[in-house]
Amino acid sequence: MAARFTAGEGRALGRLFQPLLQFFKSPKGLAGAEREIASGERVVTPQDVPLAEIRPRGVEKLPEATDMTEEQAALMRAAHARIAAIHEGAAGRPFTTDEVHEIVKNINPTGGTRNCLECSLAVRENLLRERGAVVAGPTNVWVGRNPGPLGPVTRPLSVESRIMEGAPGISHVVSDVRANPGTYGILRQDIRTMPWNSHVYNVADLNGEVHFLDGQDGSLTKYTAEAYPDMPGFIIYDYYPAT
Numbered sequence: 062m063a064a065r066f067t068a069g070e071g072r073a074l075g076r077l078f079q080p081l082l083q084f085f086k087s088p089k090g091l092a093g094a095e096r097e098i099a100s101g102e103r104v105v106t107p108q109d110v111p112l113a114e115i116r117p118r119g120v121e122k123l124p125e126a127t128d129m130t131e132e133q134a135a136l137m138r139a140a141h142a143r144i145a146a147i148h149e150g151a152a153g154r155p156f157t158t159d160e161v162h163e164i165v166k167n168i169n170p171t172g173g174t175r176n177c178l179e180c181s182l183a184v185r186e187n188l189l190r191e192r193g194a195v196v197a198g199p200t201n202v203w204v205g206r207n208p209g210p211l212g213p214v215t216r217p218l219s220v221e222s223r224i225m226e227g228a229p230g231i232s233h234v235v236s237d238v239r240a241n242p243g244t245y246g247i248l249r250q251d252i253r254t255m256p257w258n259s260h261v262y263n264v265a266d267l268n269g270e271v272h273f274l275d276g277q278d279g280s281l282t283k284y285t286a287e288a289y290p291d292m293p294g295f296i297i298y299d300y301y302p303a304t
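Numbering (my numbering) for the sequence shown: 62 to 304.
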């Protein structure tokens with residue numbers, strides 16, 4: 062027969078176990094570096110981030126950058142190998158549009174749905190080709206008007222960062238890219254830019270044509286004014302030099 066407790070006994074047991082529950086719910090329940098990071102006692106460094114060597118620079122500034130399962134790590138290593146093979150095959154020449162699309166399709170092997178910022182950074186670094194192949198991990202970034210780590214991570218290498226309130230927006234970005242062949246950028250739109258939700262993605266000149274690259278869902282889409290009309294909303298555009 063199951064034990065039964067009076068209301069008073071139940072409250073007493075609750076008080077008894079509360080410190081133990083708080084221990085496991087708090088950073089004190091973690092060990093060493095994990096506890097220090099969770100409690101804010103120590104800043105996360107690249108050395109704390111799993112697979113930082115194949116992820117974008119600055120990933121340690123993103124929320125939950127240190128969280129990863131063994132299965133996710135295996136998926137990332139496999140995707141990195143596929144992208145590395147594309148880099149090797151294109152050594153000494155520009156990527157073809159098809160090669161860029163294959164890279165974009167392998168950017169997000171863990172299938173994250175809140176890691177669009179890390180995905181856009183990974184796309185940018187693959188286009189830059191300074192570090193070779195790069196993939197995104199399962200970070201979790203809320204993207205809105207004040208996106209936390211977006212600025213510190215994306216801006217340092219940007220030629221120009223523009224904040225555009227209201228229409229027109231996308232067409233100005235496209236004009237920049239068309240005027241400077243080989244350039245690319247990172248775009249952020251907040252939830253007021255309907256019909257799209259808040260999102261971060263890339264724009265690039267690929268062999269003379271403007272494309273939007275979405276590392277999170279693996280898509281590469283050629284720009285047309287019909288498909289990408291100017292709409293009111295809040296857009297931040299980080300503009301990078303030719304690759």
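All C-beta atoms in this analysis are idealised placements derived from N, C-alpha and C, irrespective of residue type, glycine included.
Residue nearest to residue i in terms of C-alpha spacing, selected from the options
{"i": "Pro290", "options": "Ala240, Pro242, Val234", "result": "Val234"}
{"i": "Lys166", "options": "Glu287, Gly279, Ile297, Ala286", "result": "Gly279"}
{"i": "Pro199", "options": "Asp299, Val110, Thr171", "result": "Thr171"}
{"i": "Ile168", "options": "Gly153, Pro155, Ala152, Ala145", "result": "Ala145"}
{"i": "Asn263", "options": "Ala152, Glu149, Gln133, Leu248", "result": "Leu248"}
{"i": "Ala265", "options": "Gly173, Lys283, Ile115", "result": "Lys283"}
{"i": "Arg190", "options": "Asp159, Arg154, Leu281", "result": "Arg154"}
Cβ-based neighbour list, residue i, same chain, cut-off 8 Å, excluding 5 preceding and 5 following
{"i": "Glu186", "result": "Pro117, Arg118, Arg192, Val195"}
Residues near residue i by beta carbon distance below 7 Å, same chain, minus five either side
{"i": "Pro124", "result": "Thr200, Asn201, Val202"}
Check whether residue i and residue j have beta carbons under 8 Å apart
{"i": "Leu267", "j": "Val161", "result": "yes"}
{"i": "Met137", "j": "Leu112", "result": "yes"}
{"i": "His141", "j": "Ile115", "result": "yes"}
For residue i, the three-state DSSP class (helix, strand or coil)
{"i": "Asp159", "result": "helix"}
{"i": "Gln277", "result": "coil"}
{"i": "Asn187", "result": "helix"}
{"i": "Leu123", "result": "coil"}
{"i": "Glu287", "result": "coil"}
{"i": "Leu182", "result": "helix"}
{"i": "Leu136", "result": "helix"}
{"i": "Val196", "result": "coil"}
{"i": "Gly173", "result": "coil"}
{"i": "Gly153", "result": "coil"}
Cα-Cα separation, residue i to residue j
{"i": "Gly243", "j": "Thr127", "result": "34 Å"}
{"i": "Ala151", "j": "Gly269", "result": "18 Å"}
{"i": "Val104", "j": "Val120", "result": "13 Å"}
{"i": "Asn241", "j": "Val271", "result": "11 Å"}
Cβ shell of residue i (< 6 Å), same chain only, five flanking positions each side left out
{"i": "Ser232", "result": "Asp291"}
{"i": "Cys180", "result": "Ile168, Asn169, Ala197, Gly276, Gln277"}
{"i": "His148", "result": "Gly193, Ala194"}
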